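Report on the following structure.
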Amino acid sequence: MIPLLSQLSTEFWSIGPLDGLTIGTLALLEGILSVDNALVLAILVRHLPEKERRKGLTYGLVGAFVFRIIAIVFASSLIQFIIFKFVGGAYLLYLAMKNMFRIGAQSGREDKKVHQAGFWKTIFLVEMTDIVFSIDSITTAVAMSNKLLIIYFGGVLGIVFMRFLSSFFVTLLEKFPKLEDLAYQLVFFIGTRLTLEALHIEMEHTIFWLMMGVIAIIGASLVYKDWKETTLATVFHDGIVEKLKKHELSLESILTERKSLPVDTVRHLITEGYLRVTSKAALQEMGVEK
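Following our numbering, the numbering of the sequence shown begins with -5 at its first residue and continues without gaps.
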């Protein structure tokens, strides 16, 4: 412990302008590398209630810090922990496929029970994910500098970036639910990369980020299309409701002129008594309480 502190002290007083540039570059690289870590973290904690979600993100940040410190200490022996990459990659593939293809889908009531009881399970998965990405992060840091202090600085700044990115991704997923499908496609690709690396099949960083970009662009265009359709449906719904209130429009004219109606509009017509639906299953599916 004392030799380590002595080394850090010596390195601190010997830091020069070139080392500062290295720290800045390393922090930038760590920020870029933490994008996939942050995306997975956001996906893992998204189902938790808001208070628990914040705790989950905090535990994820602490775990990332601790495991990066451990990874630095054992940097020369990281190859022995390659099994974590394989298991982590396989889990991310399973997580992505489970949600993309709805494997083992449960009813809403069962999902609620799982969410209520799954906080510590989620934290466990978050920490395991931190281990996997810590190996990637510190391997990059060690390759850039042989000074422990610089590696610490770069790693800590990278963790801070990851924390803010995680919160940003969670907010995006809440605002645009359709982004979840895109997120799981990206998680699938990240899992593929980790699994291949565990099998000593290297994927060029250029190819990896190019593929991530292609998936993101295609997914974003689909999300935009869905958002635009939802916005138009909302505008139409608000207009119908306003005209019904002012008696400028009748139910008969709505049903005659339109071949289909947005779900929100149908729900409003049922709730306000314009339409009568006797099927309890249909009412439950549309979220109408009678």
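Each residue gets a CB set at the ideal place from its N, CA and C atoms; glycine is no exception.
Model, not experiment: these values are computed from the prediction.
Considering just the uninterrupted stretch of the alpha helix (DSSP H) at residue i, what are its terminal residues?
| i | result |
| --- | --- |
| G185 | L173 to A192 |
In three-state terms, what does DSSP make of residue i?
| i | result |
| --- | --- |
| M197 | coil |
| R47 | helix |
| K141 | coil |
| G54 | helix |
| F95 | coil |
| I9 | coil |
| G207 | helix |
| H41 | coil |
| S244 | coil |
| G267 | coil |
| G112 | coil |
| F170 | coil |
Which residue wins for smallest C-alpha separation from residue i, given the options the options?
| i | options | result |
| --- | --- | --- |
| V217 | K240, V208, P171 and V229 | P171 |
| E191 | G83, L159 and I125 | G83 |
| R47 | K240, L86 and V164 | V164 |
| L42 | P11, Y85, W114 and F61 | W114 |
| M206 | L188, E251, F127 and I184 | I184 |
| T116 | I211, G57, I195 and L167 | G57 |
| F80 | L20, S215, T186 and D220 | T186 |
| V120 | L143, I195 and S160 | S160 |
| I212 | L226, L173, F202 and R261 | L173 |
| I264 | Y146, V235, M156 and F147 | V235 |
| L86 | H231, W203 and L188 | L188 |
| R62 | K239, W7, L20 and V126 | V126 |
| R40 | G112, M122 and M197 | G112 |
| A210 | T259, V29 and Y146 | V29 |
| D258 | D232, M197, S244 and L238 | D232 |
| I17 | L151, W7 and S8 | L151 |
| M156 | F59, E44, V260 and L143 | F59 |
| T4 | K141, T123, E44 and P11 | K141 |
| L15 | F162, V229, F230 and F147 | F147 |
| T228 | E251, H262, F202 and V208 | H262 |
| T200 | E266, V208 and F158 | V208 |
| F95 | F182, T123, S247 and S244 | F182 |
| I64 | E168, I145 and V260 | I145 |
Using a C-beta cutoff of 7 Å, does residue i count as contacting chain B?
| i | result |
| --- | --- |
| T123 | Structure shown: chain B not included; a single protein chain is present. |
Q | the segment 30 to 43 in contact with the segment 166 to 179 per 3-pair CB rule at 8 Å | A | yes
> How about the segment 83 to 95 and the segment 45 to 53: do they share at least three Cβ pairs that are nearer than 8 Å?
Replying inline: no
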